[in-house]
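Counting from 103, one number per residue, gives the positions in the sequence shown under my numbering.
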Amino acid sequence: MPSHASLAPLLARFGQQPERLGKSVRVEQALRLAILYDWPPGSRLPAHRLLCRELGVARDTLAQAMRRLGEEGFILTGQGQGTWTRRPGMPHSAPMESPPRLSSRANSILNAPSASTIQSGAFMPGIPDITQFPMAKWRELYASVTVPRNALLLSYSSGGYGPLKRAIRDFLWRWRQLECETDQIIITEGTHNGIELCALALTDVGDRILMESPCYWGARNVFTAAGARVEQLAWSPDTGHATQGPSAPVRLAYFTGSHHYPLSVPTSPTHRQALCARLKPDFVLEDDYEFNGEDGANLMFNGRSGNHLLVGSFSKLMFPGLRLGYLVAPPALVEPLNQLRSEVFREGRLLDQAALAQFIAEGELDAWYRRIQRDYLARQQVMHDQLIQVPGVTHVSPPSHSISLCVQFAPGVDDKRIVNRLLQSHLVARPLSLACSDNDPRSGLILGIGMLSGNTLAAEAVRLRHILTRCLGA
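Listed below in structure tokens is the structure:
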């Protein structure tokens with residue numbers, strides 16, 4: 103007999119959702135987490151009338167959440183038979199005799215511990231504050247470009263929307279003091295798309311890609327999927343890079359931008375320049391992954407260089423669902439990169455690009471970032487003051503204007519075990535060790551501050567400190 107889903111874990115998870123989110127979003131998030139971690143697959147949900155009463159929501163609110171979960175494959179509804187839980191990837195019917203054969207590249211990514219379906223929750227890193235974003239202004243700008251006379255914006259693009267490229271050029275000068283020509287900017291569908299384009303254009307299967315340890319695992323996954331041989335070299339802000347390095351030639355060296363991710367400290371152009379002088383990579387790719395207005399001078403990128411490239415995204419500045427970014431390339435590479443992108447990926451999203459161009463040109467992005475970065479700094483201070491008290495914590499990244507911070511533990515601490523323990527208490531974080539190479543023993547937590555603020559952040563920070571104190575004292 104299939105089990106019936108208990109209301110207790112659902113109500114607990116619903117209570118953990120920030121109240122500033124809409125009720126439908128809070129219900130959806132609570133149901134998703136309960137399905138993933140509390141209820142066995144195939145559990146029958148309580149009657150909708152009971153769910154509405156216990157959660158204190160209207161039937162339409164619950165229906166909206168149920169519809170989205172159904173579209174994502176988290177629930178199945180039978181006419182007159184009730185609603186049942188399932189997990190994405192579960193077969194609808196009897197399993198195949200043998201699983202489908204995936205490529206070795208796909209398996210190497212899917213079997214990695216960093217692969218996760220969890221993309222939200224308290225302290226989830228990499229997510230900005232989407233609740234305070236000026237969505238009314240964004241909708242206004244989007245409506246202004248969605249008019250009949252702009253029918254050409256429904257077509258393919260070639261390298262990106264011109265006014266957006268000019269706006270990005272000026273934005274990079276204001277915030278990064280980087281000079282480049284408008285034609286050097288290629289609009290991408292987020293940072294991953296820009297990295298993938300570089301991997302496709304500049305590396306062959308088996309080429310060596312150098313990354314720092316710890317690294318941004320998303321970029322590592324992109325390079326692995328491209329068939330590159332990724333090698334990581336440990337970096338510390340105090341001592342620099344490890345002395346050993348790849349013995350064979352390095353085709354491309356990848357670094358996060360001016361603010362290191364995931365250590366959440368300013369990067370050192372001196373360290374990186376010395377490393378590149380020693381290993382002489384053919385190309386250097388910097389990823390301004392976590393934009394921080396303070397650290398622009400730490401970038402090595404030079405718009406006049408023939409082998410330096412820069413990728414960036416507006417996902418961390420604005421909202422992740424935007425999926426628009428940029429790649430700044432040397433002039434000699436622009437035409438082949440644009441042609442390759444058109445042939446392999448196609449290009450579009452011109453309506454989104456036009457709205458973003460106006461958002462930047464009218465000063466809305468600058469105003470938004472100046473406001474929210476002060477808020478981020480205050481949140482970072484709250485987290486720092488709580489976590490620095492925990493015995494067994496050896497370092498907490500200094501408060502900054504970024505959306506993530508890093509906590510490092512004493513040697514030998516199993517950070518993956520602690521992350522699983524936090525998950526049981528509805529706190530989402532990532533283990534630092536999974537971003538490190540095999541010969542880099544550092545462990546800790548990568549935490550985000552974008553999804554919590556005010557009294558909720560303060561309360562959850564205290565709860566996190568108490569759980570870590572118990573875990574590290576065990």
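Ideal Cβ placement from N, Cα and C applies to all residues, glycine included.
Just so we're clear, the structure is a prediction, and the values are computed from it rather than from any experiment.
The Cβ-Cβ distance between P227 and S506 falls below 7 angstroms. Residues of the same chain with a CB within less than 8 angstroms of the CB of Q510, apart from the 5 flanking positions on each side, are V495, T496, H497, V498, L534, R544, S545, G546 in chain order. Beta-carbon to beta-carbon, A269 and I462 are separated by about 4 angstroms, close enough to satisfy the 8 angstroms threshold.
For I474, the CB contacts under 7 angstroms within the same chain, skipping 5 residues up- and downstream, are D231, Q234 in chain order.
As a beta-bridge residue in DSSP terms, L387 pairs with Y356, L411. DSSP places R155 in the uninterrupted alpha helix (DSSP H) bounded by 150 to 157. At a Cβ-Cβ threshold of 7 angstroms, G359 and D389 count as neighbours. For L507, the beta-bridge partners assigned by DSSP are L549. Taking a 10 Å sphere around the C-beta of P500, we find fewer than 16 other C-beta atoms and assign the residue as exposed.
Taking one beta carbon from each stretch, the stretch 153 to 160 and the stretch 107 to 118 have 3 or more pairs nearer than 8 angstroms; the two touch. Between Y391 and T293, the beta carbon gap of about 7 angstroms places them in contact (Cβ cut-off 8 angstroms).
When only Cα atoms are considered, Y263 and L243 end up about 15 angstroms apart. Between R567 and Q488, the C-beta spacing is below 7 angstroms.
When C-alpha distances from V386 are compared across H410, P368, R380, L525, the shortest belongs to H410.
Counting only the Cα atoms, Q491 lies some 9 angstroms from T571. Remark: C-beta atoms of E314 and W337 approach each other more closely than 7 angstroms. The residue from D477, A469, G405, A379 with its alpha-carbon nearest to that of G556 is D477. Straight across, the Cα-Cα distance linking Q526 with Q119 is about 15 angstroms. Under DSSP, M313 forms a beta bridge with Q334, Y356. Per the Cβ contact rule, the stretch 370 to 381 is not in contact with the stretch 440 to 457 (fewer than 3 Cβ pairs under 8 angstroms). In this structure, R310 lies away from R380, with their beta-carbon atoms at least 7 angstroms apart. Per DSSP, L365 is not a residue of any beta strand (DSSP E), being assigned neither H nor E. Here R532 carries a strand assignment [DSSP, helix/strand/coil]. Y139: member of the alpha helix (DSSP H) spanning 125 to 139, first to last residue. Take D285, set aside five residues on each side of it, and the residues of its chain with a beta-carbon closer than 7 angstroms to its own are V436, in chain order.
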